[in-house]
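I have placed the structure first, in the form of structure tokens, so that the comments after it can refer back to it.
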Amino acid sequence: MMGEMWPETDRLRMHSRQTYARLLLVGAVIGAMLALTSTFVFSAPFEPEASAPGSAQQGQGDEDTDEESPPLETAFSASQGDCVTWSEGDVRDMRTVPCDEEHLFEVTAVIDVSTDYPSDAPPPDMDQWQEIVDERCTEPADAYLDSGLDPHGRFKVSAIFPNDTDWEAGQRLVHCGLWWLAPGGEPQPMTASVAGLDQSNVWDVGTCLGLEDNTVGDPVDCAEPHSYEMIAVVDLAEEFGEDYPSESDQMSWLDTECAEHADSYTDGMDLADNDLIVAWDTREEASWEAGSRLVNCKVGRVLEDESGLAPVTGSVAADAEDGQDTEDSGGTDDSDDTDSE
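Numbered according to our numbering, the sequence shown terminates at residue 591, and the numbering increases by one at each position without gaps.
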């Protein structure tokens, strides 16, 4: 949750890819991520495996393949613990890489849905895929992490499922996993296994999050219009220890703590004189139980009618070359997503 009075909304953008590569939105998660559900389910070409001897080989497609679709570069196969990446904006070259290299997805389980979907069964529709992920991918993801999955944390449950060609050839393996999505839906790179990463939904100091379609978007250069600039990462445990602090206790402490960070980050800038506010996140008890203790302090701007957030252009950092534009105090975009995504 966030300090100040401004509600936050998580919007996930739909992407589409032809034939072998498509990202399919199975449900937008609004607000505080109230349940452990997948955000995206996406399909990929699979390497033939013993459980699916009839799977299509690399580069084979059906008669309906769009002629404009580029040829398949690699077949996909992965096991639990494998880290997966692909080219920006394209999943045709989906492949496994060492988890200490930049990647976008980590496999937490590989499940076989052939019992429910035999060889002559049509592929699940989006509601059915959502149900499969909810019922069969969420629990493995929770077990995969030592402290359990933070339902409001940075990592979201998703799955890679066979594309239509491989489904028709008998492939029934689904790769459950976790990834990190920005508020605008853009997968964020990771350079370590999620099992060893803090799940706190925070951004590095100096990160600016854009405004997009009246919601907080993906990270942008601070010289561009944005919703928030992250000015600090604060560890609540340093003040409250291991016992969960109430939201009101967090708010009271962060009010002072974030003000001090803002003064240091901006070298004493009068934020109010520039129509700027200091805001912060708080942690819910479920997140605390999963080990999430970190929150962001951040700077933004409120619309004149106080209905949401206005765009800010330029950084408020004291040493920023693209300093804050004090003339830019308008805008119509509003809202950020819970837990400062």
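For every residue, glycine included, the Cβ atom is placed at its ideal position computed from N, Cα and C.
Keeping to the same chain, check which residues put their C-beta closer than 6 Å to that of residue i; ignore five residues upstream and five downstream.
i, result
"C458", "V470, C472, H476, E479"
"R543", "D485, L486, A487"
"T365", "none"
"G541", "S397"
"L526", "V549, R551"
"T346", "A328, D332, V334"
"E595", "Outside the displayed span of the chain (251 to 591) sits residue 595, for which this structure offers no information."
"W503", "E489"
"H425", "A328, V357, V360, I410"
"V568", "Strictly speaking, residue 568 in this sequence is Ala, with Val absent from that position. Hits under 6 Å: T516, D517."
"E497", "T532"
"E474", "none"
Restricting to Cα atoms, I'd like to know which of the options is closest to residue i.
i, options, result
"A371", "P439, R422, T516", "R422"
"D499", "K548, F411, D531, L521", "D531"
"V341", "Y367, R404, P348, F411", "F411"
"E535", "R551, P374, T563, S450", "S450"
"K548", "W538, Y494, L521, N413", "L521"
"P401", "N546, S537, T563", "S537"
"G446", "Y394, E489, E474", "Y394"
"S443", "G434, V424, F405", "F405"
"D448", "G403, A568, N413, L461", "G403"
"C387", "E418, Q330, N546", "Q330"
"G558", "V452, D343, S514, L461", "L461"
"D505", "N546, N524, Y494, V466", "N546"
"E510", "P495, Q378, E474, I481", "I481"
"E539", "N413, Y367, W453, Y494", "Y494"
"E418", "Y367, P561, M501, S514", "Y367"
"V466", "V363, P348, P561", "P561"
In its own chain, which residues sit with a C-beta less than 7 Å from the C-beta of residue i, not counting the 5 before and 5 after it?
i, result
"M519", "V566"
"L354", "V334, T335, W336, W429, P437, P439"
"V363", "I382, R422, V424"
"E556", "none"
So residue i and residue j are supposed to be a Cβ contact under 8 Å. How far apart are they, rounded?
i, j, result
"L350", "T441", "Correcting the residue identity first, residue 350 is Asp in this sequence and not Leu. Rounded, the Cβ-Cβ distance is 6 Å, consistent with contact."
"P374", "I361", "Incorrect: roughly 13 Å between the Cβ atoms, too far for contact."
"E356", "G427", "5 Å"
"V528", "V483", "That belief does not hold up - the Cβ atoms of V528 and V483 are roughly 15 Å apart, past 8 Å."
"L399", "A391", "5 Å"
"D468", "A512", "About 24 Å; that fails the 8 Å criterion."
Quick one: what's residue i bridged to in DSSP?
i, result
"A482", "C547"
"V334", "T346, F355"
"A560", "R551"
"S329", "DSSP output for S329 lists no bridge partner at all."
To which residues of the same chain is residue i closer than 8 Å at the C-beta, ignoring the five residues directly before and after it?
i, result
"E352", "T335, P439, M440, T441"
"A570", "C472, G564"
"V452", "R404, M480, V483, D531, L544, V545, N546, S590"
"P348", "C333"
What ranges does the alpha helix (DSSP H) occupy inside the stretch 336–406, keeping only unbroken runs of at least 4 residues that lie completely in it?
The stretch 336–406 contains these whole alpha helix (DSSP H) runs: 376–386, 388–394.
Return the chain-ordered ranges of every alpha helix (DSSP H) run that is complete within the stretch 499–541 and spans a minimum of 4 residues.
Every alpha helix (DSSP H) of 4 residues or more that sits fully in the stretch 499–541 is shown, in chain order, as 535–539.
Would you mind listing the beta strand (DSSP E) stretches within the stretch 409–476 that are 3+ residues and don't spill past its ends, in chain order?
Taking only runs of at least 3 residues, the beta strand (DSSP E) segments lying wholly in the stretch 409–476 are 423–430, 458–462, 465–470.
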